[in-house]
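A.B. asks:
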Amino acid sequence: MNATSDPALAGVLGGARLIPVLTVPDHTTAAPLTEALTAGGAACAEVTFRTPGAEQVVREMAAHGGLTVGAGTVLTPEQAERAVEAGARFVVSPGYDEEVVAKCRELGVPVIPGIATATELMRALRAGVDTVKLFPAEALGGLATLLALSAPFPQARFVPTGGIRSEHLAAYLAEPSVLAVGGSWMATPTHLAQGDYATISRLTREAVDRSTP
Ligand code: 3PG
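For the sequence shown, the positions run 3 to 215 when our numbering is used.
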């Protein structure tokens with residue numbers, strides 16, 4: 003069963019198993035980017051807080067409609083607050099930070115904290131978080147590492163992210179402990195700099211097709 007036991011997260015993701023991860027330098031690309039992703043069949047996207055304009059990008063993408071917009075690379079409770087205020091419906095962090103998790107709970111927004119080790123996963127589970135981002139998934143050993151971590155923690159659900167490409171999707175998504183897969187390959191900063199929305203739509207469509215049974 004792929005379902006997370008976090009009903010709020012399940013509700014927000016609405017069954018989507020693919021999370022395009024976006025780093026957007028210029029908020030004026032928010033509308034065409036949203037349209038390219040939705041044209042490719044994406045249901046959600048994660049906007050990383052790695053650019054000064056990230057908050058505005060979340061605001062504009064959320065207001066545009068068509069996609070469930072979340073915030074990524076959220077490192078502090080303060081960033082979580084700004085992301086949610088801008089319209090983020092879920093929060094993703096590259097690592098496990100108790101204060102970020104607590105702030106998201108206070109704000110009532112689902113959070114997917116990152117873990118890379120069994121120790122971090124134990125801390126997350128003990129705090130009541132059952133869905134974690136395995137990051138950086140491919141560099142950590144990919145599916146083999148995910149399966150090894152899954153064995154002692156059958157209650158954990160994973161969103162592997164980091165180094166994943168379209169051709170890896172089927173293997174990850176066949177694994178019952180994988181809720182969804184994240185990655186930036188569908189909409190890279192280069193695509194955005196070139197205004198290459200056709201490629202973004204094409205790569206998103208290919209990934210959506212591979213992630214749908
Ligand atoms: C993330 O923030 O989730 C990662 O940077 C995405 O990893 P990728 O760029 O290797 O897909």
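Heads up, the beta-carbon is just placed ideally off N, CA and C, and yes, glycines get one too.
Classify G144 as helix, strand or coil using the three-state DSSP reduction.
C.D. replies: The answer is helix: DSSP assigns G144 an H, G or I state.
A.B. asks: So, S179 versus R159, is the Cβ gap smaller than 8 angstroms?
C.D. replies: Yes, the Cβ-Cβ distance between S179 and R159 is below 8 angstroms.
A.B. asks: Do three or more CB pairs link the segment 127-139 to the segment 195-208 at distances below 8 angstroms?
C.D. replies: Touching, no.
A.B. asks: In the segment 116-196, which residue ranges form an unbroken beta strand (DSSP E) of at least 3 residues, counting only runs that do not cross its ends?
C.D. replies: Taking only runs of at least 3 residues, the beta strand (DSSP E) segments lying wholly in the segment 116-196 are 133-136, 183-185.
A.B. asks: If I follow the unbroken alpha helix (DSSP H) through A22, where does it start and stop?
C.D. replies: A small fix is needed here, since residue 22 is Pro in this sequence, not Ala. No alpha helix (DSSP H) contains P22, which is instead part of the beta strand (DSSP E) from 20-24.
A.B. asks: At what residues does the beta strand (DSSP E) containing G72 begin and finish?
C.D. replies: Element bounds for G72: 70-74.
A.B. asks: Could you check which residue in R84, F155, A73, A88 has the C-alpha nearest to that of P115?
C.D. replies: Of the candidates R84, F155, A73, A88, the one whose C-alpha sits nearest the C-alpha of P115 is A73.
A.B. asks: Since A88 is in the beta strand (DSSP E), which residue starts that stretch and which ends it?
C.D. replies: Where A88 is concerned, there is no enclosing beta strand (DSSP E), although the alpha helix (DSSP H) it sits in stretches over 79-88.
A.B. asks: Work out the CA separation of S152 and P191 for me, nearest whole Å.
C.D. replies: If you take the alpha carbons of P191 and S152, they lie about 33 angstroms apart.
A.B. asks: Between the C-alpha atoms of G17 and T75, what's the straight-line distance to the nearest angstrom?
C.D. replies: Rounded to whole angstroms, G17 to T75 spans 22 angstroms at the Cα level.
A.B. asks: Would you say V183 touches the ligand 3PG, meaning its beta carbon is less than 7 angstroms from a heavy atom?
C.D. replies: V183 Cβ: outside cutoff for every heavy atom of the ligand 3PG.
A.B. asks: Quick check on the DSSP output: the alpha helix (DSSP H) that includes T201 runs from which residue to which?
C.D. replies: Per DSSP, T201 belongs to the alpha helix (DSSP H) from 199-213.
A.B. asks: Hey, is T75 close to the ligand 3PG, as in C-beta under 7 angstroms from one of its heavy atoms?
C.D. replies: For the ligand 3PG, at least one heavy atom lies less than 7 angstroms from the Cβ of T75.
A.B. asks: What is the rounded straight-line gap between the Cα of P9 and the Cα of V60?
C.D. replies: Distance between the alpha carbons of P9 and V60: 23 angstroms.
A.B. asks: Within its chain, find whatever has a CB closer than 6 angstroms to the CB of L205; leave out the 5 residues flanking it on each side and keep chain order.
C.D. replies: Excluding positions up to five away in sequence, the list reads M188.
A.B. asks: Consult DSSP for A65 and reduce its assignment to one of helix, strand or coil.
C.D. replies: Looking at A65 - three-state DSSP - the assignment turns out to be helix.
A.B. asks: If I'm right that A38 touches S203 with Cβ under 8 angstroms, what's the distance once you round it to whole angstroms?
C.D. replies: Right, their Cβ atoms sit about 5 angstroms apart.
A.B. asks: So for T50, helix, strand or coil by DSSP?
C.D. replies: Three-state DSSP puts T50 in a strand.
A.B. asks: In the DSSP assignment, what residue or residues form a beta bridge with V93?
C.D. replies: The partner list for V93 (beta bridge, DSSP) reads A73, V113.
A.B. asks: Note down, in chain order, each residue of its chain lying with its Cβ closer than 6 angstroms to the Cβ of S213, except the 5 sequence neighbours on either side.
C.D. replies: R19, L20, L171, L175.
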